[in-house]
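Residues 75 to 813, numbered by this note's numbering, are exactly what the sequence shown covers, in order. One structure is given here, and the rest of the page talks about it.
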Amino acid sequence: MANRVLLIQSDMRPAQPLARYLKQRGDEVWQAWDLGQAQALIQQVKPHLIFFDLHFPSNEWWVFLRNLRQFHPQVKIIMTNKYPDLQRELKAREQGVQVFLRQPFSQRWIEEALKRVYEQTQPRPEQPPAPPRTLQVRVPVRVKIIFPYLVLALLFALASAYIVSRILMESNQSRFLNQLYATGKQAQDWFVQEEDRLLGTLRQVANTEGVAAALQQGDAEALRLLVLPVTVNAREEEITLLNLSGESILTLMVTPGSMGASYESTRGSAVYASWNFVQRTLRGETDELGDKFAGVGEGPLGKTFYVSGPVFNAEGVQVGVVLVGKTLTTLSREMSADTLSAATFYDLNGEVLASSLFSAGMSSPISGELVQQILSLQEQGSLTRDLTLSSLDYTEVLGPWEVRGGSDLGVLGISLAKAFLIRTSQATQVQIFSLVLAGILLVILVGLFLANLFTRPIVRLLDASAEVAKGNLEVKVDAAGNDELAVLAQAFNTMVAGLQEGSIYRDLLGRTVSPEVREQLRQTFTSGNLRLEGQEAVATILMTDIRGFTSLSEKVDPATVFQWLNEYFEHIVPVITAYGGVVNKFDGDAVLAFFGILPRLVSPKQSALSACQAAVEMLEAIEQFNLQRRARGEPQLITGIGVHTGVVMAGGLGTSDRLHYTVIGDTVNTAQRIEALTRELFDGSAVLISEATYLALAEHREKFHLRSMGEQSVRGKSEKLTVYHLLPAREGGKWEAML
Numbered sequence: 075m076a077n078r079v080l081l082i083q084s085d086m087r088p089a090q091p092l093a094r095y096l097k098q099r100g101d102e103v104w105q106a107w108d109l110g111q112a113q114a115l116i117q118q119v120k121p122h123l124i125f126f127d128l129h130f131p132s133n134e135w136w137v138f139l140r141n142l143r144q145f146h147p148q149v150k151i152i153m154t155n156k157y158p159d160l161q162r163e164l165k166a167r168e169q170g171v172q173v174f175l176r177q178p179f180s181q182r183w184i185e186e187a188l189k190r191v192y193e194q195t196q197p198r199p200e201q202p203p204a205p206p207r208t209l210q211v212r213v214p215v216r217v218k219i220i221f222p223y224l225v226l227a228l229l230f231a232l233a234s235a236y237i238v239s240r241i242l243m244e245s246n247q248s249r250f251l252n253q254l255y256a257t258g259k260q261a262q263d264w265f266v267q268e269e270d271r272l273l274g275t276l277r278q279v280a281n282t283e284g285v286a287a288a289l290q291q292g293d294a295e296a297l298r299l300l301v302l303p304v305t306v307n308a309r310e311e312e313i314t315l316l317n318l319s320g321e322s323i324l325t326l327m328v329t330p331g332s333m334g335a336s337y338e339s340t341r342g343s344a345v346y347a348s349w350n351f352v353q354r355t356l357r358g359e360t361d362e363l364g365d366k367f368a369g370v371g372e373g374p375l376g377k378t379f380y381v382s383g384p385v386f387n388a389e390g391v392q393v394g395v396v397l398v399g400k401t402l403t404t405l406s407r408e409m410s411a412d413t414l415s416a417a418t419f420y421d422l423n424g425e426v427l428a429s430s431l432f433s434a435g436m437s438s439p440i441s442g443e444l445v446q447q448i449l450s451l452q453e454q455g456s457l458t459r460d461l462t463l464s465s466l467d468y469t470e471v472l473g474p475w476e477v478r479g480g481s482d483l484g485v486l487g488i489s490l491a492k493a494f495l496i497r498t499s500q501a502t503q504v505q506i507f508s509l510v511l512a513g514i515l516l517v518i519l520v521g522l523f524l525a526n527l528f529t530r531p532i533v534r535l536l537d538a539s540a541e542v543a544k545g546n547l548e549v550k551v552d553a554a555g556n557d558e559l560a561v562l563a564q565a566f567n568t569m570v571a572g573l574q575e576g577s578i579y580r581d582l583l584g585r586t587v588s589p590e591v592r593e594q595l596r597q598t599f600t601s602g603n604l605r606l607e608g609q610e611a612v613a614t615i616l617m618t619d620i621r622g623f624t625s626l627s628e629k630v631d632p633a634t635v636f637q638w639l640n641e642y643f644e645h646i647v648p649v650i651t652a653y654g655g656v657v658n659k660f661d662g663d664a665v666l667a668f669f670g671i672l673p674r675l676v677s678p679k680q681s682a683l684s685a686c687q688a689a690v691e692m693l694e695a696i697e698q699f700n701l702q703r704r705a706r707g708e709p710q711l712i713t714g715i716g717v718h719t720g721v722v723m724a725g726g727l728g729t730s731d732r733l734h735y736t737v738i739g740d741t742v743n744t745a746q747r748i749e750a751l752t753r754e755l756f757d758g759s760a761v762l763i764s765e766a767t768y769l770a771l772a773e774h775r776e777k778f779h780l781r782s783m784g785e786q787s788v789r790g791k792s793e794k795l796t797v798y799h800l801l802p803a804r805e806g807g808k809w810e811a812m813l
């Protein structure tokens, strides 16, 4: 269900973002820029929520707000303002308004205000004004002391780490190269061992009973049955048997992707006979190591390293050749796994045959000249080169790729990442981290110790100052010591003692004079004057008195009379102050107030308007109070109010040690006489204003119902006074059952 929202703003332009946001939320929004229009909209649309501008002129806003809270207590209210106005905010809080929204109206602050206003499930008790916000500590002193130490410690740690790392880098470089050469030698030894293993499988196949006869007869199936178990047990990738013509009688090769679990068999290939090392075996050649030879060929599984050897029958006659092979890809992968390095096989032209370093589509061949240099210097040592692959730097040691009998098939490259050996161990990392951490902690502890020596008294002063800001003047701080902080603490205690004395005087003054008079006293004493200078001004005087109160008070005890008067004043005094009036004095049941002088001088038109508005509101407040008294069975308090506008003298009267701010002059006396006429002309409570006030109202007279009472004779005046009966306007007036 959409909320009905009313925006009551004296200036609608800044409120447009607020209206747009509420409409985007799905709320129904109405806008009013004067209080009369707002009153009509409230009666018509019955809003759930009102955004009310705090800056409407004069005191009409407060009357509007008070009546709104009285007749529509269910409506939620958010007060908006352009700038802080503490006096008006306090008056709004007196009416139960707790949520304020400051311009500019941003989405964040609008949502925060809505959240707060909808969280209010019941009226909150009146809260005293919050103490002024104290300056927040953004950077504590202890941080300012510790931070330089911490920076120095970090700089020292970084410098030490740089020097140590340079030393380690230089020493590790030589260790890295030594390790790389050792890994290259390990890889060559590994290849020799793998070649010996292949030779072992070859001998086992050649010496298996029945293999020579089956090969001589060309019986492939018999050969398969005899050789397959050996192949599976040895986990060889390929075993091939050739007749003396070089034609394959049987080729057993592992099925790609089966990981040695299954094998395929073929026959009839003549490609093997073209290889040099196979031809030597077919011819029955021997060397100093025997009749076995090795080489690389393009087998059915790709580039493959083979060892070959003859097969003899029982009579010692050669009947064929057996080949045992493993692909270069598998060799490079297994060599890398065993030596923890990257292995690469190059041919005699420097082209890459297989590698565990280079991925598919990537290679870094070596030149033919470098191949020849490597092969010619193999007795003196190995050569190295640097590579960069995938943002990683490698160093590769290049050595001869030798097989059985010392034949060179190409070049074997073994690579290690340069970061491999200079990466510190986990234990070393923990030790370094612990040392650095211990150093930083030591710096922090020393800094904290020194900082606390200085900041502990300051923190105590800060806490005590916060308590003083909250109104607690009973705090003291320890002033022990002989340094500047001790002197500061002693000065603080002296200041608090002075504040305690001043608080007592201020409390007494605040209870005996109005806030406006108190402010005037403050300004006068600040300027150095001992007296309040008198000033002549045109003001409006309001005099009120309870009819027959003297005889009424004779019938009850003084304590009851005192209670009745306090309740009576609690109803009428806030109305006077709400319209800018200053209560000058209480004289028994009478009240004398003036308008248009404090806190600043205003025009007679404005002072007359404010006094008349206050008088009408006072009648309503007295009527409400009498309803309560009637319900309690107490007598009614019939009140007469007289209002007169004229010249007065305002200022302080008294001696140098006792002052009373007041207004004097014939205007005050005339207001008292007009108030006395209400007893003669009316039976109930009533307001009479003088002709001077009537004329001062000017165009504002239409806001009231004024009935001329003609010329009246008053005590103490030789001339008659023309007076008017003041009532709220009967049509369209906001004081007639407003809202």
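Glycine included, every Cβ here is placed at the ideal spot set by N, Cα and C.
Where residue i falls: helix, strand or coil (DSSP)
i    : result
H122 : coil
L711 : coil
T401 : strand
H129 : coil
Y157 : coil
A335 : coil
T282 : coil
K150 : strand
L582 : Only weak support is given to the placement of L582: the predicted model assigns it a pLDDT of 42, under 50, and the question is left unresolved by the model.
F265 : helix
V396 : strand
F367 : strand
Q687 : helix
A388 : coil
M86  : coil
I620 : strand
Residue i - partner residues in DSSP beta bridges
i    : result
E476 : D482
W104 : L80
R176 : N155
G487 : T418 and L472
H718 : I615
R298 : Paired residue(s): none; R298 is not in a bridge.
G572 : In DSSP, G572 forms no bridge with anything.
S382 : F367 and L397
L463 : L466
L727 : H734
A428 : F419
CA-to-CA distance, residue j to residue i, given in whole angstroms
i    : j    : result
I646 : L711 : 12 Å
G358 : N423 : 30 Å
E691 : Q90  : 35 Å
D852 : A187 : Limits of the chain in this structure are 75 at one end and 813 at the other, which puts residue 852 out of reach.
E476 : D293 : 36 Å
Y768 : N155 : 35 Å
A93  : L115 : 16 Å
N281 : V385 : 8 Å
Q118 : F699 : 30 Å
Q290 : G480 : 32 Å
L515 : G521 : 10 Å
L224 : V217 : 10 Å
Residue from the options with nearest C-alpha to residue i
i    : options                   : result
E193 : A368, W104, K150 and Q181 : K150
V396 : A695, L272 and E641       : L272
D740 : G784, L769, K791 and A695 : K791
L449 : L427, Y420, L463 and S759 : Y420
Q169 : R143, L451 and M86        : R143
W107 : Q117, L81, G390 and G100  : L81
A540 : T713, L511, V570 and R703 : V570
M783 : T752, L771 and R789       : T752
L483 : T413, T378 and A411       : T378
Ordered list of alpha helix (DSSP H) runs contained in the region 734 to 813, each at least 4 residues = 740 to 755 and 765 to 771
Those runs of the beta strand (DSSP E) which lie wholly inside the region 652 to 680 and span at least 3 residues | 656 to 661 and 664 to 669
Just list the beta strand (DSSP E) runs in the region 309 to 334, keeping only unbroken ones of 3 residues or longer that don't cross its boundaries, in chain order.
-> 312 to 317 and 322 to 328
Enumerated in chain order, which unbroken segments of the beta strand (DSSP E) with a length of 3 residues or greater are wholly contained in the region 337 to 365?
-> 337 to 340
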